[in-house]
Amino acid sequence: MRSFYSIIKLSPNIATEDSIAIGMLLYDGEKFLYFFSDKKEKLAKKLLTNVEVNLDFILNQIRNKLDYINNDKTELKTFYKYDNLSDVKYFEYLSNYSNGLLQFSKPKIIFNEIDNDFFENLVRFFFKEDIHNEGSPELSKNNSIYDLVWNKLIVKVAEKVHTNYKFKPKTFPSIFFNYELDCIGLNGSLIGAKTLDFDKSTATLDKNISHYFTLISSLTAKYNQSLDDNNFFLISEEPVEIGSKAHQLWESVNYNNLISILPPEDSDKVADLILEKKASKFLD
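The C-terminal residue of the sequence shown carries number 788 in the numbering used here, and the numbering is unbroken.
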């Protein structure tokens, strides 16, 4: 399913078509992330003093429904008039016909890779606030993984090699996508690492992995290196469910010689290799 986001709005005065953006939800192809602004909620309550409505109840209903869908992968229950809340067409319907107190903006399709940073940046762009981990039970887990990699790898090599480097088609015409590596350095051979949480949709995982292989081939050709001499790593926990599509993808990487898989707690091995080989920055 397509990824998209929609802004949640309240209209205290329907006649004047005024509205207040109080939150947003984002569907990443598998689950919902959502955010509600405390500041905007307080403002909305002040404007709704003459309206008999329980705003907290309405918003909690939305939160509960999204949490239910995130936790129940087998069945999507009816929400308003449509059965599939994760279908972008449903939000197109809502944007056209929800003209009461609660309204939704026209859904915007997302073609970028969706991760915690993308969601947080989107929230900051629209609301100038932090998300406080709301609406994403995976954020705490994900943050612990990335914090571990940060402490064991990034801080050790930040002055030596490129860290959190974003490759873009504008500067690397041989690729057609944006891609970020945790670190990348060069000294006789390329050394790079990418952290990937396998608790994502199959489409997202497949895209991340295939783009990683494409980027490796592109960099190898550009800098006249040998694929066999490269040292690229995928930092990830093994998916729990054996036989699942996520685990099959994880295994496909594990059996490939171009990329080595490391658990987050062993990410310091990448730092050790970078320091041992005295790899350095080489990109503009």
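For glycine and all other residues, C-beta sits at the position ideal for the given N, C-alpha and C.
All values derive from a computational prediction rather than experimental measurement.
Suppose you measure from the CA of residue i to the CA of residue j; what does that come to, to the nearest Å?
i              : j             : result
asparagine 760 : leucine 753   : 11 Å
alanine 707    : serine 507    : 10 Å
tyrosine 669   : tyrosine 716  : 13 Å
isoleucine 746 : leucine 514   : 45 Å
lysine 674     : alanine 775   : 29 Å
glutamate 741  : aspartate 686 : 16 Å
glutamate 684  : lysine 632    : 24 Å
threonine 578  : tyrosine 572  : Reliability of the predicted coordinates at threonine 578 is poor, the pLDDT of 43 falling under 50, and the value obtained from them is presented with this limitation in mind. Cα to Cα, the separation comes out at about 11 Å.
leucine 762    : leucine 731   : 7 Å
leucine 551    : tyrosine 594  : 29 Å
serine 784     : threonine 724 : 16 Å
proline 768    : lysine 544    : 38 Å
glutamate 642  : aspartate 703 : Note on glutamate 642: pLDDT 46, under 50, position unreliable in the model; the coordinate value appears next. Answer to the nearest angstrom: the Cα atoms are 8 Å apart.
Going by C-alpha to C-alpha distance, which of the options sits closest to residue i?
i           : options                           : result
lysine 656  : Tyr597, Asp571, Thr699 and Lys672 : Thr699
serine 609  : Ser510, Asp532 and Leu529         : Ser510
lysine 535  : Lys546, Lys612, Asp621 and Ser705 : Ser705
glycine 604 : Val665, Tyr594, Gly692 and Ile512 : Ile512
lysine 664  : Ala525, Asp522 and Lys782         : Lys782
Going along the chain, which residues of its own chain have a beta-carbon closer than 6 Å to the beta-carbon of residue i, five neighbours each way excluded?
i                 : result
phenylalanine 786 : Leu690
aspartate 532     : Ser507 and Ile618
Against chain B, with Cβ distances strictly below 9 Å, would residue i count as a contact?
i              : result
isoleucine 573 : Looking at the structure shown, chain B is missing, and only one protein chain is on hand.
I'd like the span of the alpha helix (DSSP H) that includes residue i, first residue to last.
i                 : result
phenylalanine 786 : Phenylalanine 786 -> no alpha helix (DSSP H), and no H or E assigned at all.
alanine 525       : Run containing alanine 525: none in the alpha helix (DSSP H); it sits in the beta strand (DSSP E), 524 to 531.
phenylalanine 508 : Counting along the chain, phenylalanine 508 falls outside any alpha helix (DSSP H), though it belongs to the beta strand (DSSP E) covering 508 to 514.
phenylalanine 474 : Nothing about residue 474 can be read from this structure; the chain reaches only from 505 to 788.
Specify, as a first and last residue, the run of the beta strand (DSSP E) that residue i falls within.
i              : result
alanine 697    : 694 to 699
leucine 537    : 536 to 540
asparagine 735 : 735 to 739
Can you name, in chain order, every residue of its own chain whose Cβ lies under 7 Å from the Cβ of residue i, other than the five neighbours on each side?
i                 : result
leucine 777       : Ile695 and Asn735
leucine 719       : Phe671, Ile679 and Tyr683
phenylalanine 622 : Asn616
Ignore the nearest five residues each way along the sequence and tell me which others in residue i's own chain have a CB closer than 8 Å to its CB.
i                 : result
lysine 549        : Leu559
phenylalanine 630 : Ile511, Ala525 and Met528
Cβ of residue i within 8 Å of any heavy atom in the ligand ZN?
i              : result
isoleucine 562 : Of ligands this structure carries none, so the ligand ZN is not represented either.
If contacts are defined as beta-carbon pairs under 8 Å, then residue i and residue j qualify, I think. What distance do you get, rounded to the angstrom?
i              : j              : result
isoleucine 526 : serine 541     : 6 Å
valine 744     : isoleucine 713 : Not a contact, Cβ separation roughly 18 Å.
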